Amino acid sequence: MTVTALLFASYAEAFGSDRVEITLAGRSTVRDVVDQLRAMPGGATLPATPLVAVNLTYACADQRVESGDEVAIIPPVAGG
Amino acid sequence: MTVTALLFASYAEAFGSDRVEITLAGRSTVRDVVDQLRAMPGGATLPATPLVAVNLTYACADQRVESGDEVAIIPPVAGG
Amino acid sequence: MSIRTAIVRRAIEVGALMAEVRDTADGATVVFLGTVREVNDGRAVSGIEYSAYGEMAERELASIASECAAAFDVAHLVVEHRLGALALGDTSIAIVVAHAHRAEAYDASRFVIEQVKQRLPVWKREGYVDGASEWVSAGGIEQERPVQEQGK
Amino acid sequence: MSIRTAIVRRAIEVGALMAEVRDTADGATVVFLGTVREVNDGRAVSGIEYSAYGEMAERELASIASECAAAFDVAHLVVEHRLGALALGDTSIAIVVAHAHRAEAYDASRFVIEQVKQRLPVWKREGYVDGASEWVSAGGIEQERPVQEQGK
Numbered sequence: 004m005t006v007t008a009l010l011f012a013s014y015a016e017a018f019g020s021d022r023v024e025i026t027l028a029g030r031s032t033v034r035d036v037v038d039q040l041r042a043m044p045g046g047a048t049l050p051a052t053p054l055v056a057v058n059l060t061y062a063c064a065d066q067r068v069e070s071g072d073e074v075a076i077i078p079p080v081a082g083g
Numbered sequence: 004m005t006v007t008a009l010l011f012a013s014y015a016e017a018f019g020s021d022r023v024e025i026t027l028a029g030r031s032t033v034r035d036v037v038d039q040l041r042a043m044p045g046g047a048t049l050p051a052t053p054l055v056a057v058n059l060t061y062a063c064a065d066q067r068v069e070s071g072d073e074v075a076i077i078p079p080v081a082g083g
Numbered sequence: 045m046s047i048r049t050a051i052v053r054r055a056i057e058v059g060a061l062m063a064e065v066r067d068t069a070d071g072a073t074v075v076f077l078g079t080v081r082e083v084n085d086g087r088a089v090s091g092i093e094y095s096a097y098g099e100m101a102e103r104e105l106a107s108i109a110s111e112c113a114a115a116f117d118v119a120h121l122v123v124e125h126r127l128g129a130l131a132l133g134d135t136s137i138a139i140v141v142a143h144a145h146r147a148e149a150y151d152a153s154r155f156v157i158e159q160v161k162q163r164l165p166v167w168k169r170e171g172y173v174d175g176a177s178e179w180v181s182a183g184g185i186e187q188e189r190p191v192q193e194q195g196k
Numbered sequence: 045m046s047i048r049t050a051i052v053r054r055a056i057e058v059g060a061l062m063a064e065v066r067d068t069a070d071g072a073t074v075v076f077l078g079t080v081r082e083v084n085d086g087r088a089v090s091g092i093e094y095s096a097y098g099e100m101a102e103r104e105l106a107s108i109a110s111e112c113a114a115a116f117d118v119a120h121l122v123v124e125h126r127l128g129a130l131a132l133g134d135t136s137i138a139i140v141v142a143h144a145h146r147a148e149a150y151d152a153s154r155f156v157i158e159q160v161k162q163r164l165p166v167w168k169r170e171g172y173v174d175g176a177s178e179w180v181s182a183g184g185i186e187q188e189r190p191v192q193e194q195g196k
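Chains as they are written, first to last, in this note's numbering: chain L, 4 to 83; chain P, 4 to 83; chain F, 45 to 196; chain U, 45 to 196.
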């Protein structure tokens, strides 16, 4: 299955892209998405357990992902 | 000696005046001023130890007053 | 350094006060407005007449601002308190604080309003829709303390 | 009930927001403004570029407002957060709360800004007078965590 990883701010700069398609086995989790991203060029900037949102809601590393999910990797926020 | 007692808000209404001249013996205190006021018509509305300011600064009951002082009897405040 | 306080008898122009304190050294501005509420203690209010021991109120308000500036390292603060007849929704007090950081801006703002409520020699006579009016204090309608309870 | 939040790409009109929440049921209004400071961590700032995960930021900001309304019994609240290129002194966020009582108005305002700082998926790239720029996070310049410390 495939999910879409969204990258922002410093992470998008490191990857040279704000969107990466990730192909996974079934029964995959947020952690699997992050691990794949970290193995990619630019992935060294990602912490092992970054803040992640799945389909616009914050998610933990163990959360299962489904085909077509939007998995956003959230750099340290700086709103306000 | 004489001091000027200033009355405000509900106290001024009770006394029918916002200013009363008080004649005192020497070595008098804020408490003496208040006691005289309380003995006057309308004085029953004054508590025994109201908030008092002497010459624009809050004062305690034991503070000495001097001739010509402005002794303000401050009803419960309601600013803001 | 821009610290200013005033007791006024005209409408408070909040926008002007905000412009007055604004400074690019500051990252946070906190504005507090006190306004006349339509209901108090369950009674329908028509307006409030604010009065003061004017000369002392000016001094106390200036003191409060100085204490605030010292306690919270505030360089940009303006406070205006209005007197006279205020209608529903009118602003009776505006406190505008700007500070490098938000925590101090909030704390300074809160300090000023709490000190004003405790110390400023200002009184209000609340008018009600039914035609009555009462002197009110921070604790609600002022209770006259019976003389016999005062031990004198 | 008037609770509104928005992520905007234009200047924030604070006066309009204050008019929007104003209600004669309320005796206290607290306004918080976050503005671009000229100095951060000792560096002379020229401006800040705010970006966001827009769709999620809108949802989170709305959630924060709902939680605030429930926690502090707030009926009148508006929050706008600006994105894009902001100059020194520009307002990045405005939070306007009106409440019957001041304690709740202050607490509600503080709640919103603290939640925004923790949760809102918004980032800022600070530009400096010397021409450099950096991604900054709430804790200062973002530190990249070396991979070898992560045990993977």
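Idealized CB from N, CA, C, for every residue including glycine. Note that the coordinates shown come from a computational prediction; the quantities given were computed from them, not determined experimentally.
(message) Let me check one thing: in DSSP terms, what residues is S199/F bridge-paired to?
(response) Any answer about residue 199/F is impossible in this case: the structure gives chain F only from 45 up to 196.
(message) Within a Cβ cutoff of 6 Å, which residues of the same chain sit near F18/P, ignoring the five residues on either side of it in sequence?
(response) These residues qualify, in order along the chain: L10, G45.
(request) Say whether the stretch 122-136 of chain U touches the stretch 92-99 of chain U, bearing in mind that this needs 3 or more beta-carbon pairs closer than 8 Å, one atom from each stretch. (result) Enough Cβ pairs lie closer than 8 Å, so yes.
(request) Would you mind sorting V23/L into buried or exposed? The rule is 16 or more other CB atoms within 10 Å of its CB. (result) Around the C-beta of V23/L, 16 or more other C-beta atoms lie within 10 Å, and the residue is accordingly described as buried.
(request) Could you tell me which of A60/F, V52/F, G71/F, V123/F sits nearest to E82/U, measuring between CA atoms? (result) Of the listed residues, the one whose Cα sits closest to E82/U is G71/F.
(message) Measuring CB atoms only, is the stretch 111-128 of chain F touching the stretch 148-157 of chain F, in the sense that at least three cross pairs come out at less than 8 Å?
(response) Yes, the stretch 111-128 of chain F is in contact with the stretch 148-157 of chain F.
(message) Please tell me whether A75/P and K168/F are closer than 7 Å, where the distance is taken between their beta carbons.
(response) Result no, Cβ atoms of A75/P and K168/F do not sit closer than 7 Å.
(message) If we define contact as Cβ-Cβ less than 7 Å, is L132/F a contact residue for chain U?
(response) Answer yes: the Cβ-Cβ gap between L132/F and chain U drops below 7 Å somewhere.
(message) Count Cβ pairs between the stretch 56-75 of chain L and the stretch 42-58 of chain P that sit closer than 8 Å; are there 3 or more?
(response) No, they do not touch.
(message) Using the Cβ count rule (16 or more neighbours within 10 Å means buried), how would you classify N58/L?
(response) Label assigned to N58/L: exposed.
(request) Tell me where the alpha helix (DSSP H) around S13/L begins and ends. (result) Note, S13/L: alpha helix (DSSP H), 12-18.
(request) Please determine if the stretch 62-78 of chain F and the stretch 135-143 of chain F are in contact, where contact requires at least 3 C-beta pairs separated by less than 8 Å. (result) Taking 8 Å as the limit for Cβ pairs, the verdict is that the stretch 135-143 of chain F does touch the stretch 62-78 of chain F.
(request) With DSSP as the reference, please indicate the residues paired to A63/F in a beta bridge. (result) Answer is none; A63/F lacks a bridge partner.
(message) Per the DSSP calculation, G78/U is bridged to which residue(s)?
(response) Its beta-bridge partners are A72/F, I137/U.
(request) Check distances from the C-beta atoms of the stretch 159-186 of chain F to those of chain P and list, in chain order, the residues that come in under 8 Å. (result) From the stretch 159-186 of chain F, only V160, K161, Q162, R163, L164, P165, V166, W167, K168, R169, W179, V180, S181, A182, G183, E186 have a Cβ closer than 8 Å to chain P.
(request) May I ask you to report which of helix, strand or coil DSSP gives R54/F? (result) If DSSP states are grouped into helix, strand and coil, R54/F belongs with coil.
(request) Could you check the C-alpha separation between L49/P and V33/P for me, to the nearest Å? (result) Cα-Cα distance, rounded: 14 Å.
(request) Excluding the 5 residues preceding and the 5 following V191/F in the sequence, name in chain order all residues of the same chain whose CB lies nearer than 8 Å to its CB. (result) The predicted model places V191/F with a pLDDT of 34, which falls under 50 and marks its position as unreliable; any figure quoted below should be read in that light. The beta carbon of V191/F sits closer than 8 Å to no other beta carbon from its chain once the five residues preceding and following it are set aside.
(request) Provide the residue(s) that pair with A8/L in DSSP beta bridges, ordered along the chain. (result) According to DSSP, which records beta bridges pairwise, A8/L is partnered with V23/L, V74/L.
(message) Between E170/F and E178/F, how many whole angstroms is the CB-CB distance? I'm expecting something under 8 Å.
(response) The pair is a contact, with the Cβ atoms about 6 Å apart (cut-off 8 Å).
(request) State the Cα-Cα distance for the pair G62/P and L61/U, rounded to the nearest angstrom. (result) Before going on, a small fix: residue 62/P reads as Ala here, not Gly. Approximately 44 Å, taken between the alpha carbons.
(message) Can you check whether the C-beta of V74/U is within less than 7 Å of a C-beta belonging to chain C?
(response) This model lacks chain C altogether; the protein chains it does include are L, P, F and U.
(message) Once the 5 residues before and after R163/F are set aside, which same chain residues still bring their CB inside 6 Å of it?
(response) Within the same chain, R163/F has close Cβ partners E104.
(request) Identify whether E124/F lies in helix, strand or coil by the three-state DSSP scheme. (result) Reduced to three states, the DSSP call for E124/F is strand.
(request) With a threshold of 16 other CB atoms inside 10 Å of the CB of D72/P, please say whether the residue is buried or exposed. (result) D72/P is buried by the Cβ-count criterion.
(message) Between I139/U and chain L, is any beta-carbon pair separated by less than 7 Å?
(response) Interface with chain L (7 Å Cβ-Cβ cutoff): I139/U is excluded.
(request) Below 8 Å between beta carbons is the criterion; list the residues of the stretch 117-128 of chain F that meet it against any residue of chain U, in chain order. (result) From the stretch 117-128 of chain F, no residue has a Cβ closer than 8 Å to chain U.
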